[in-house]
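Quick notes on the structure that follows.
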RNA sequence: CGGGGUGUAGCUCAGUCUGGCUUAGAGCGCUUGGUUCGGGACCAAGAGGUCGCAGGUUCGAAUCCUGUCACCCCGACCA
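Residue numbers (my numbering): 1 to 620.
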């Protein structure tokens, strides 16, 4: 490919609105152009990268035995009614109402395809003999993302590989889950990503396994906890630390202390002379009676966020909670130096909780906000949820349920119950930097930001049951299909790769997803000998099957070098009068030092070998 | 959805507070000619803008007012 005839609109200027490195570089290198909020055109260079990623994904999915198909972007609203997600995903589903045609109101742009694939399964997968089967597609998704950001990391339209497997038993699903997990490892390794598989939250689905594939970078939106020795990694939403040890100090009697205007932990501690870890935070929540809402959607669960196929929300049973819903009062306790994890809290409560307003808190405790404590509340509330780290405290301090007073010498079990109908002791806090790994090694956990690039999920029968997708087992009995879903955000792979591999000058592409593998740079295109040598190298590389770009532009050397660094093609062959005089051409690797001179006769062979070596290394 | 901010040339921005001194500007990019030529060159001459849009105030609006749209940032939300 001759640069002169190609289209690579690079810029020197850094775009105003871009902060993430990948965003800045994708714009500057001429990979993408924003058309609207969260909507991007992939320019030729960016499109080539995307296609390379697509190819890796396709090859590995095929190799893993999955079968490719293509489902539509336009999907009938009625299917989303069947699953209940037309109600639970209202702000995610992009509807076509407002259109002038009546029929358009019945269509939505698919944010994921659980419903669609389940409809297909319902129609065709009628016998256990057809199982297991794994169907996948690489298709655009549309989501009513409230706030697109970070370039291509969070968009309203994106490319996702979503796969859905169907099984007649759990062991079969487990096996395919492991198979997909392994395929994902190969995909991300081949893409050159420093990825990490972490335990992910399963939301309202409960119990079943789910893993997210993360790339640790500064630009991500997700937080993960990773142990220093690598024995544990989990999404912060679900990460847990080793359980606490029982406190041993002898219990002191409770004592009321005047703490005027000191309602916050950081205000009270100096007054009481206690560290935050000896404090009990008393948080008051309300909830409406009924089942818990679904958990958080994952971005890459196909159904959820950008990467995973379809772990969508399944609606709560609309019949539950009809009539006169009663407001429940729930009190949660966490240590003063800990943050509560509302996802864990909701699961422990079996309800979706909301922080109570000040009026409710004052009515319950008889004190202003900031002075609540667990003592004596149990008879006036519906549930007391105690973090397990609070349960082992000795001689802690809490609010006194009396404005401007706290109590010291508070002891769980004596001053508030640790058991009983209304009491739950559970892990309801977010792990903190330095907490011990739950594996028993005690290795300290570190908190990192990350980009979610993939998600594997055991769905179970959520959608098959909702849509009536049943097969007949060996006994002729109709059973709902057991499903798994597996998503990968292709655009995010590009952004994550750039986040992980760049320097001040530009992108440093992994060989496997680089738009071109080799750049031949002719320094003086008006010099006949330079052009003859450069053209010959380009042509021979191309003939050898190498993706090669030929910078034949009549520009100054510095200009072309800067562009080369920016677009980040891994191998660069520089042909100039100077190098020819020195006996050949220069070969450099992007991001590495040194520019050895090679003879034009051997450079093609050596470059081809280097490309293949690099690709093989990634595929290992 | 809450809070904040920005819309002026393809890009990055000045001018807006204090309406008229601008025939709407600069740099980058683009066109033409010349010089230069191994790390984003220089000189000269050009092309390019309904100042987001709609109303209003005024003798006069990029500038003031009202509305509206778009985009960005923080937060919320994100089976």
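Here a beta-carbon is modelled for each residue, glycine too, at the ideal position from N, C-alpha and C.
Taking residue i as part of the beta strand (DSSP E), name the residues at either end of that continuous run.
i: residue 137; result: 133 to 142
i: residue 563; result: Unbroken run through residue 563 is the alpha helix (DSSP H), 557 to 567; no beta strand (DSSP E).
i: residue 485; result: 482 to 489
i: residue 387; result: 383 to 387
i: residue 160; result: 157 to 167
i: residue 23; result: It is not in any beta strand (DSSP E) - residue 23 instead sits in the alpha helix (DSSP H) that spans 21 to 28.
i: residue 361; result: Careful: residue 361 lies outside any beta strand (DSSP E), inside the alpha helix (DSSP H) at 358 to 365.
i: residue 588; result: 585 to 589
i: residue 577; result: No beta strand (DSSP E) holds residue 577; the alpha helix (DSSP H) holding it covers 577 to 581.
i: residue 329; result: 327 to 335
i: residue 108; result: 107 to 109
List the residues that DSSP assigns as beta-bridge partners of residue i.
i: residue 214; result: 196, 452
i: residue 229; result: Answer by DSSP bridge pairing: none, since residue 229 is not bridged.
i: residue 279; result: 397
i: residue 444; result: 436
i: residue 479; result: 471
i: residue 606; result: For residue 606, which the question treats as bridged, DSSP gives no partner whatsoever.
i: residue 241; result: Residue 241 is not bridged to any residue.
i: residue 127; result: 472
i: residue 611; result: Partner(s): none; residue 611 has no beta bridge.
i: residue 519; result: 549, 572
i: residue 402; result: Its beta-bridge partners do not exist; DSSP assigns none.
i: residue 416; result: 412
i: residue 502; result: 507
i: residue 256; result: 407
i: residue 427; result: In the DSSP output, where bridge partners are listed per residue, residue 427 has none listed.
i: residue 457; result: 210, 485
i: residue 288; result: 327
Following the continuous alpha helix (DSSP H) through residue i, name the residue where it begins and the one where it ends.
i: residue 115; result: 114 to 124
i: residue 266; result: 265 to 272
i: residue 536; result: 528 to 543
i: residue 188; result: 170 to 190
i: residue 351; result: Premise fails: residue 351 is in no alpha helix (DSSP H) and is neither H nor E.
Quick check on this structure: which residue in the options has the alpha carbon closest to the alpha carbon of residue i?
i: residue 261; options: 540, 52, 403, 558; result: 403
i: residue 530; options: 176, 339, 577; result: 577
i: residue 43; options: 211, 32, 379, 53; result: 32
i: residue 408; options: 278, 288, 81, 181; result: 278
i: residue 201; options: 235, 183, 187, 184; result: 235
i: residue 519; options: 177, 264, 567; result: 567
i: residue 5; options: 593, 580, 613, 552; result: 552
i: residue 39; options: 397, 56, 147, 63; result: 147
i: residue 483; options: 101, 463, 493; result: 463
i: residue 109; options: 115, 85, 73, 131; result: 73
i: residue 390; options: 371, 382, 410, 401; result: 410
i: residue 490; options: 216, 509, 454; result: 454
i: residue 92; options: 77, 554, 101; result: 77
i: residue 17; options: 497, 151, 81; result: 151
i: residue 113; options: 90, 597, 485, 388; result: 485
i: residue 194; options: 611, 495, 594, 571; result: 495
i: residue 487; options: 140, 247, 24, 384; result: 140
i: residue 15; options: 25, 9, 416, 8; result: 25
i: residue 475; options: 2, 3, 129; result: 129
i: residue 548; options: 555, 592, 556, 537; result: 537
i: residue 419; options: 388, 145, 401, 184; result: 388
i: residue 333; options: 399, 326, 247; result: 399
i: residue 9; options: 19, 23, 45; result: 45
i: residue 473; options: 169, 19, 28, 122; result: 169
i: residue 461; options: 452, 481, 449; result: 481
i: residue 477; options: 499, 182, 53, 127; result: 127
i: residue 143; options: 357, 94, 184; result: 94
Report whether the distance from the Cβ of residue i to the nearest heavy atom of the ligand SAH is below 7 Å.
i: residue 44; result: This structure lacks the ligand SAH, and indeed carries no ligand of any kind.
Q: Mind the definition here: the segment 51 to 71 touches the segment 155 to 163 only if three or more C-beta pairs lie below 8 Å; say whether that holds.
A: yes
Q | Given 8 Å, three or more beta-carbon pairs between the segment 270 to 287 and the segment 365 to 377 | A | yes
Q.
When you compare the segment 422 to 442 with the segment 338 to 351, are there three or more beta-carbon pairs, one atom per stretch, that lie closer than 8 Å?
A. yes
**Q.** the segment 437 to 444 / the segment 468 to 485 touching (three or more Cβ pairs under 8 Å)
**A.** no
Q) Three or more beta-carbon pairs under 8 Å between the segment 182 to 189 and the segment 77 to 91, yes or no? A) no
Q) Can at least three beta-carbon pairs, one atom from the segment 245 to 254 and one from the segment 265 to 274, be found at a separation below 8 Å? A) no
Q. Hey, is the segment 361 to 374 in contact with the segment 207 to 223, meaning 3+ C-beta pairs nearer than 8 Å?
A. no
Q: Entirely within the segment 36 to 104 and at least 4 residues each: give me those alpha helix (DSSP H) ranges in chain order.
A: 44 to 63, 77 to 83, 85 to 88
Q.
For the segment 532 to 539 against the segment 585 to 605, do three or more pairs of beta-carbon atoms, one drawn from each stretch, fall closer than 8 Å, so that the two count as touching?
A. yes
Q. Between the segment 581 to 597 and the segment 553 to 573, do three or more beta carbon pairs fall short of 8 Å?
A. yes
Q. On the three-pair Cβ rule with 8 Å, is the segment 505 to 521 touching the segment 606 to 616?
A. yes
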